[in-house]
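Below is one structure, written out as structure tokens; comments come after it.
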Amino acid sequence: MVKRYPLPPFTLQTAIEKIQLAEDSWNSRDPYRVAQAYTADSEWRNRHLFINGTEEIVAFLTGKWSKELDYKLKKEYWAHTDNRIAVRFEYEYHNDEGEWFRAYGNENWEFNEDGLMQRRFACINDLPIKESDRKLI
Numbered sequence: 062m063v064k065r066y067p068l069p070p071f072t073l074q075t076a077i078e079k080i081q082l083a084e085d086s087w088n089s090r091d092p093y094r095v096a097q098a099y100t101a102d103s104e105w106r107n108r109h110l111f112i113n114g115t116e117e118i119v120a121f122l123t124g125k126w127s128k129e130l131d132y133k134l135k136k137e138y139w140a141h142t143d144n145r146i147a148v149r150f151e152y153e154y155h156n157d158e159g160e161w162f163r164a165y166g167n168e169n170w171e172f173n174e175d176g177l178m179q180r181r182f183a184c185i186n187d188l189p190i191k192e193s194d195r196k197l198i
């Protein structure tokens with residue numbers, strides 16, 4: 062079995078490290094790289110979608126980043142327990158028409174003993190912004 066360090070139980074330091082690794086991975090915009098951090102049967106709720114398993118994660122992220130262009134994400138620590146981490150995040154992107162958006166939200170993560178995320182629940186809100194109002198450049 063593959064292990065994704067740091068492993069639970071998390072300390073403040075290792076939770077923050079895990080969050081930074083996730084941010085770096087998502088900012089790569091590589092669905093396969095991102096999917097490696099999740100169990101093969103990982104359960105997601107992302108807005109109104111329920112996504113299960115690696116194949117659905119890759120398909121979802123491939124579609125996401127084909128529409129959310131120049132995507133840039135920032136994640137921040139909120140709280141943690143033994144094998145769970147909560148984060149707040151914001152990301153910015155534009156669509157094909159050049160309209161910019163900032164998305165805000167919260168995620169709750171649950172990890173297995175090997176450090177792979179087995180559950181991810183995301184609540185996300187999008188806000189149209191002007192390109193000149195971007196914060197994440």
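Every position in the sequence shown, counted from 1, becomes a number in our numbering once 61 is added.
Backbone N, C-alpha and C define an ideal beta-carbon position, used for all residues, glycine too.
Bridge partners - residue i, DSSP secondary structure assignment
| i | result |
| --- | --- |
| Ile112 | Trp105 |
| Tyr165 | Glu151, Asn186 |
| Lys133 | Glu153 |
| Ala140 | Ala147 |
| Arg180 | Glu104, Glu171 |
| Tyr93 | Answer by DSSP bridge pairing: none, since Tyr93 is not bridged. |
| Tyr99 | Met178 |
Cβ shell of residue i (< 6 Å), same chain only, five flanking positions each side left out
| i | result |
| --- | --- |
| Asp175 | Met62, Lys64 |
| Thr75 | Pro67 |
| Asn113 | Glu104 |
| Pro92 | Val119, Leu122, Thr123 |
Residue closest to residue i, alpha-carbon to alpha-carbon, out of the options
| i | options | result |
| --- | --- | --- |
| Arg108 | Arg90, Asp194, Ala164 | Ala164 |
| Gln179 | Arg106, Glu137, Asp131 | Arg106 |
| Tyr138 | Ser127, Asn167, Tyr152, Trp161 | Asn167 |
| Ser89 | Trp161, Asn186, Phe172, Trp126 | Trp126 |
| Thr115 | Lys133, Asp194, Lys135, Arg94 | Arg94 |
| Trp161 | Ile112, Arg149, Ser193, Asn173 | Ser193 |
| Ile198 | Ser103, Asn173, Trp170, Lys135 | Lys135 |
| Arg149 | Glu84, Asp91, Asn173 | Glu84 |
| Leu177 | Glu117, Glu104, Lys191 | Glu104 |
| Ala101 | Asp91, Ile118, Ser86, Pro92 | Ile118 |
| Phe172 | Pro92, Phe111, His141 | His141 |
| Leu82 | Thr72, Pro69, Ala98, Asp91 | Ala98 |
| Arg181 | Pro92, Phe111, Ser86, Asp157 | Phe111 |
| Lys191 | Glu158, Ala96, Ser86 | Glu158 |
| Glu151 | Phe121, Ala183, Asp143 | Ala183 |
Cut-off 7 Å between Cβ atoms - residues of its own chain near residue i, not counting five sequence neighbours on either side
| i | result |
| --- | --- |
| Asp131 | Tyr154, His155 |
| Trp87 | Val95, Leu134 |
| Pro255 | Given that the chain is displayed from residue 62 to residue 198, the structure contains no residue 255 and the question cannot be resolved. |
| Glu129 | Tyr154 |
Residues near residue i by beta carbon distance below 8 Å, same chain, minus five either side
| i | result |
| --- | --- |
| Pro189 | Glu160, Trp161, Phe162 |
| Asn186 | Ala164, Tyr165, Gly166 |
| Ile80 | Lys136, Glu137, Tyr138, Ile146, Val148 |
| Ile77 | Tyr138 |
Rounded distance between the beta-carbons of residue j and residue i, thought under 8 Å
| i | j | result |
| --- | --- | --- |
| Arg195 | Asn169 | Between Asn169 and Arg195 the Cβ distance is about 27 Å, and since that is not below 8 Å, they are no contact. |
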